[in-house]
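Protein sequence lines, in the order shown, are assigned to chains P and V. Everything in the first sequence is counted per the numbering used here, starting at 180 for the first residue and increasing by one. Everything in the second sequence is counted per the numbering used here, starting at 2 for the first residue and increasing by one. C-beta atoms are modelled at their ideal positions from N, C-alpha and C, and glycine is treated no differently.
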Amino acid sequence: MSLPPVANPKHDVKVPDVDPEEKWRPYREPLAPGEHPHRPPEGYKILGTRVPLVDGPLKVSGQGVYADDLFLPHMLHAKLLHATHPHARIRAIDVSAAKRLPGVVDVLTGLELGTGHRFGVLPLTKDEEPLAAEKVRYIGDLVAIVAAEDEWTAKEAVRLIRVDYEDLPAVLKPMDGLKPSADKIHPDIGIDETNVQKYVDQEFGDVEAALRKAEYTIRRKWKFQGVTHGFTEPHAVVAHYTAKDRLVLWSATQVPHYVHRALAEVTGLPPHRIQVIRPQVGGGFGGKSDPFPHEMAAALLAMRTRRPVKLLFDRDESFYSGRGRHPTENEFAIALDRDGTLRAMDIEAVIDGGAFASFGIISTYYNGVLSMGPYKVPAFRYKGRRVYTNHIPSGAMRGHGAVNSRCTLEVLLDEAAEELGLDPFAVRLRNLMPAYSHTINDFRITSNGLRECLETVRAASKWDERWRRLPLGQGLGLGCGFYISGSNLPIHWDIPGMPQSTVHVKIDWDGGVTVHTGAAEIGQGSDTVAAMIVAEVLGIPLDRVRVYSNDSDLAPVDLGSYSSRVTFMMGNAARKAAEEVRRELQRAAADVTGAQPELFVCQDDAVVNQADPGMRVSFLDAVRKAMDHKGALVARGSFNSTKMGGTFKGATAGLAPAYSLNAYVAQVEVDLETAQWRCTKVWAAHDCGKALNRLAVEGQIEGSIHMGLGQVYSESLEYRGANLRNPNLLDYKIPTSLEMPDVEVFIVESNDAEGPFGAKEAGEGPLLPILPAVVNAIHDAVGVRMHELPVTPDRLYEVKERQGGWKKPTLPKASVTVKAGGRHR
Amino acid sequence: MSMLLPPFQVHEPSTIEDAVRLKAQQPESDWIAGGTDLLPNYKWMLNTRPHVISLHRVGALREITPKRIGALATLTQLATHVELRESLPVIAHTAGLIASPLIRNSGTLGGNLLLENRCFFFNQAHLWRESINFCLKASGTQCHVVPQESKCYATFSADLPGPLIALGAEFELAGPKGTRRIAASKFYKNDGIDRHEKRPDELLTFVHLAADASKWRASYQKLRQRDSWDFPELGIAVALKMEGEKLGEARIVANALECAPKDVSHLADSYRGKPLNERAIDEIAAAVEQNVRPVKNTNLSPSYRKKMARVFAKRALLEARGGGVRLNGARA
């Protein structure tokens, strides 16, 4: 797409003199299987088994309390007025008719509130307001909020509000956002006179030279529609400014801590007078990982009325609050030797940020730099632009920033392999980056089980006998993935040294173990993994442990459930807290028996002398001994990420304490008359380091496949003019159980040296490979290369007509065998 | 789960006569049976009314026999009715293709036959429609599909009318002046607003199947993106009477492509008395494609839906004729 440089480049990064071979040289040996510094000497009892989520029984029985289940005395119901113009100045708002409606208690408008209440998830781009103060920026933007005695009255009152708009030119095509504009969507943010919110221009090595000298190059353009999270529970919040002058906010959120900070900024209250409670959350997937305007508006309304205010979204409002995957246009070029060795990668991307910044700085980086793995890239260039448009704000969605670029790259590798006469597996295996090494932009790579992933799915799918050999209409495709296991750096740096996660463990006379953590359980299983880790370290059954993770007054801070960080960071913090308790129990057992504390291990609900197993103190006795004249046992553990990475601008984007890797083979069947297709089978191998809860890991992989498949199959945020055409779950087509393929999961355990007990993430990375695997399988089935998602049947049919019909691709002429190498290299 | 609905008064008559009388007294009312169409539309403030007459106590309307089906029979009952599956399998099959299992448990035959036509610009929340100044079908003066002020292009999206028309069914209507019967093939009008011949004061009570209905060999083929939940992107109903290898009579209905189901049976007229071989089927199917005019107000493109009318007509003809549906691809 040949993006022009920005007019006043401030942050271009050029590192021409990288030495790839030096970066790729392993800095340590992988851990042997079964060896890990966190492993209990007597082996695992709970970790590695299949444990149903500890909060599951409450949820499936209807006893789980979600935000909308809360009813407080004197509670008001709120409804929002959303903008009906995509970009317009607010001249006046008439709320008189709304206020006259019986039952209406208060109406708050952005015009009345004024500017000066800005917030945003990233400290550098605080461009959001509780309610639009001066102008609206997309259809669905928040204009006013009404509180009434009941929900219907609030809804009726909203319809009685009259807004006088003065229309401004709307930016509805991302490419138009690159042009100078007299009416910038955010006049004080962004690059030059354009609507570019963030640009990235980076180069490592000499890409031009590599492309020029290459034996083979290939370049492709792609287009991705926006997609949204489709969580079950719409956003919901209850806000209460109590008689004790404290603001209490219950909200369906993934990031209680960021909501806490934003509330303090917007309301002006000191943080200690704010309490954020996360009730049960019905899914997030990134759609609840920003502090939201509606949370702020509800809080302000509660402060004005001094009554509790409940605000429950309709489904369309959850669509409008957005933060889904960016609509994307990108172009990738790669240079390879004839044997498939990767020589250079050249990426351009324009991503449609919609009306607000959200995580946009990070999204812009991720769309390029997360292509640095899992292959050895000796030269790399990336130009990324995130533009403001008058669309629904984009943000972080499962696989944040990596999904579309991954699809482009993995399909490009498939195309390159075909043209070079190579097997797609051979190309990947030839370029595998080594475990415990670095990329040329100084990502620190730790464990890497991709080779095992590839070998597993190749064998399981009978690839060598079936790829290119199935009848016309049936095909197999390969896709790989690489994803961060937690963002290495926190978003805020105002409190140096503040841990990214802290866990408290408390044990009292009853022998119950209370775990306090701020890690937001949103259905992904974080409460369960916290309980399992603590139970494992203390050698006790799971039912002794109860996890309190939802109340900022009680829980030590965890930064939130995003960037696949919770198991790694909270897991390590929980482990350390439990280890501290274990030391106290060992001392207590020593006091009781007179033996040395180091001799004792915690197992089978007791503290046992390893040298003399007959010498044991029950867990409860050990606890009571440890409490003697001191009271309840309390301990804490925390996690701070290791310092790593380069020093250039943007060096921290994409840095992670570990990376997950995966390889999938998908099988598809295409109806040759209608171009309707089905993914019928997926062989999915994912390296999560160590599966702490196998059931949860399998669930995450299956769920990721379903979600990723939706983006290929049918999901798309469709606009008609400035309007989202399909803000409902009938027209926004999430695949049903009937479209779900049979999935065979293979968990690969590369035993990460720093992950808790060897674990890495499994919540987002498993989404990446399914998109390219399916697109490549469609090509194997019918010989059509799609470069746009979703692959709806009308779109596939049209491309087929254009290229003159279906055609089974042939086997590669050359046959390259790649020898199996060492473990996880 | 609460659903945020505008306030309305519910009336619950227990006989057809009471229902009709109530309707005459409260012309500003809607009938409600399963509610799976009406209530979502009410929630979006689409042509809401202050009175709703519920039919759930009118037990007479629940009857299911191969001759006569009450309008209150649920789609699940139709899909699973043993006798119906024997004698009129296409009706049971089609009912089972509608929406999702949960919706079929409440949705009724009458509700499907009278389903509101659907459109991008109509099936939206109030806020959304306000942002485009509403549309011809609700609160506005302009059609946004084909911008003009006279005709609404909302797409007919019910499935059961297709096979019922093909099988020669009749609809019974009860009104203040008594009951009347009208052929299903004459019932629908090709207009997204003025959709059918039922007068506002009439109640659709029964569907009568023709005496020879079970003698026809029928098929209904439905195109949609997902195999559950979705409304049809198109549906082709075919009923055939064969005389050995030769075609006796054919009825073909192209459904969900325009504002009403389209009876295109005449396209097969010249094939009567001739062997219904693959070539004849291909030609009839090609003619079906030429005779339908979809517009851009459903999810898949109109040009694709038009081309698929041919494929689905062929499949319906092949299945009705017998000898199995030949599927070139995977979706057997």
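Quick check on the burial criterion: 16 or more other C-beta atoms within 10 angstroms. Buried or exposed for Tyr206 of chain P? The residue in question, Tyr206 of chain P, is exposed, as its Cβ has fewer than 16 Cβ neighbours within 10 Å.
In whole angstroms, what separates the C-alpha of Asp689 of chain P from that of Phe779 of chain P? Roughly 22 Å between the two C-alpha positions.
Closest residue to Leu1020 of chain P among V:Phe121, V:Ser30 and V:Glu173 (Cα-Cα distance): Any answer about residue 1020 of chain P is impossible in this case: the structure gives chain P only from 180 up to 1004.
Under 8 Å, with one C-beta from each stretch per pair, do the region 68-81 of chain V and the region 136-150 of chain V reach the 3-pair mark? Not touching, per the Cβ criterion.
According to DSSP, simplified to helix, strand and coil, what is Ala1008 of chain P? Since the first residue shown for chain P is 180 and the last is 1004, residue 1008 of chain P is missing from the structure and cannot be characterised.
Check whether the Cβ atoms of Tyr838 of chain P and Val861 of chain P sit closer than 8 Å, and answer yes or no. The answer is no: Cβ separation not under 8 Å.
Whole angstroms is fine: what's the gap from Met482 of chain P's alpha carbon to Tyr420 of chain P's? Taking the straight line from one Cα to the other gives about 5 Å.
Against chain V, does Gly466 of chain P count as a neighbour if the rule is that its beta carbon must be under 8 Å from one of theirs? It does not: the Cβ of Gly466 of chain P has no partner Cβ on chain V nearer than 8 Å.
Once the 5 residues before and after Ser895 of chain P are set aside, which same chain residues still bring their CB inside 6 Å of it? Gln404 and Pro969, listed in sequence order.
Would you identify the three-state DSSP class for Lys555 of chain P, choosing helix, strand or coil? If DSSP states are grouped into helix, strand and coil, Lys555 of chain P belongs with coil.
Would you tell me roughly how many angstroms separate the C-alpha atoms of Ile253 of chain V and Leu649 of chain P, rounded to the nearest one? If I take the Cα positions, the gap works out to 37 Å.
Residue range of the unbroken alpha helix (DSSP H) whose run includes Met309 of chain V: Met309 of chain V -> alpha helix (DSSP H) spans Pro303 to Arg322.
Just to confirm my understanding: we take Leu210 of chain P, look at its own chain, exclude 5 residues before and 5 after, and list those with CB closer than 6 Å. What are they? Correct list, in chain order: Asn930 and Ala932.
Indicate, with yes or no, if the ligand MN has a heavy atom lying under 7 Å from the CB of Thr263 of chain P. Ligands displayed in this structure: none; no statement on the ligand MN is therefore possible.
Under 8 Å by beta carbon: chain P residues contacting Val53 of chain V: Chain P residues near Val53 of chain V: none, gap ~16 Å exceeds 8 Å.
Give me the residue from P:Pro951, P:Pro988, P:Ala326 and P:Asn187 with the minimum Cα distance to Leu591 of chain P. Minimum Cα distance to Leu591 of chain P is reached at P:Pro951.
Can you check which of these residues, P:His256, P:Asp791 and P:Trp331, is closest to Arg486 of chain P by C-alpha distance? Of the candidates P:His256, P:Asp791 and P:Trp331, the residue whose Cα lies closest to the Cα of Arg486 of chain P is P:His256.
In chain B, which residues lie with their C-beta within 9 Å of the C-beta of Ser140 of chain V? Absent from the structure is chain B; the protein chains it does hold are P and V.
Three-way DSSP call (helix, strand, coil) for Met1005 of chain P in this model: With chain P running from 180 to 1004 in the structure shown, residue 1005 of chain P is simply not present.
Suppose the cutoff is 7 Å on Cβ atoms and the five residues either side in sequence are ignored; what does the same chain contact list for Tyr437 of chain P look like? Closer than 7 Å at Cβ, skipping near neighbours: Val300, Pro470 and Gly739.
Cβ of Ile282 of chain V within 8 Å of any chain P Cβ: Cβ-Cβ to chain P under 8 Å: no for Ile282 of chain V.
Using a C-beta to C-beta distance shorter than 9 Å, which residues of chain P count as neighbours of Glu131 of chain V? Here the neighbours are Thr263 and Arg338.
For Ala769 of chain P, does the three-state DSSP call read helix, strand or coil? In the structure shown, Ala769 of chain P sits in a helix (DSSP, three-state: H, G or I).
Closest Cα partner of Thr693 of chain P within the set P:Ile624, P:Pro195 and P:Ser728: Nearest Cα to Thr693 of chain P within the set P:Ile624, P:Pro195 and P:Ser728: P:Ser728.
Where do the ends of the beta strand (DSSP E) carrying His94 of chain V lie? Taken as a continuous stretch (DSSP letters only), His94 of chain V belongs to no beta strand (DSSP E), being part of the alpha helix (DSSP H) at Pro90 to Leu98.
Hey, does Lys489 of chain P have any beta-carbon neighbour from chain V nearer than 8 Å? False, the Cβ-Cβ gap to chain V never drops below 8 Å.
Cβ pair Tyr545 of chain P, His579 of chain P closer than 8 Å: Contact annotation: Tyr545 of chain P and His579 of chain P have beta-carbon atoms nearer than 8 Å.
Per-residue burial, Val432 of chain P [other beta carbons within 10 Å of its own, 16 or more giving buried]: It should be noted that the sequence gives Thr, not Val, for residue 432 of chain P. Note on Thr432 of chain P: 16 or more other CB atoms within 10 angstroms of its CB, so buried under the neighbour-count rule.
So, do the region 472-480 of chain P and the region 278-294 of chain P have three or more beta carbon pairs nearer to each other than 8 Å? As far as the Cβ criterion goes, the region 472-480 of chain P touches the region 278-294 of chain P, which means the pair count is three or higher.
Own chain partners of Gln454 of chain P with C-beta closer than 8 Å, once the 5 adjacent residues on each side are dropped: The beta carbon of Gln454 of chain P sits closer than 8 Å to the beta carbons of Arg425, Leu426, Val427, Leu428, Asp730, Ser731 and Asp732 from its chain, once the five residues preceding and following it are set aside; these are given in chain order.
Look up Tyr727 of chain P in the DSSP assignment and give the residues it is bridged to. Beta-bridge partners of Tyr727 of chain P (DSSP): P:His695.
Any 3 or more C-beta pairs closer than 8 Å across the region 306-323 of chain P and the region 234-250 of chain P: Two segments are said to touch when three or more pairs of C-beta atoms, one from each, lie closer than 8 Å; by this definition the region 306-323 of chain P does not touch the region 234-250 of chain P.
In this structure, does DSSP put Ile686 of chain P in helix, strand or coil? In the three-state reduction of the DSSP assignment, Ile686 of chain P falls in the strand class, which pools E and B.
Give a yes or no on whether the C-beta atoms belonging to Arg399 of chain P and His966 of chain P are separated by under 8 Å. Going by C-beta atoms, Arg399 of chain P is nearer than 8 Å to His966 of chain P.
Using a beta-carbon distance below 8 Å, is Phe9 of chain V in contact with chain P? For Phe9 of chain V, the nearest beta carbon of chain P is not closer than 8 Å to its own beta carbon.
Quick check: what's the CA-CA separation for Ser666 of chain P versus Ser742 of chain P? One alpha carbon belongs to Ser666 of chain P, the other to Ser742 of chain P, and they sit about 6 Å apart.
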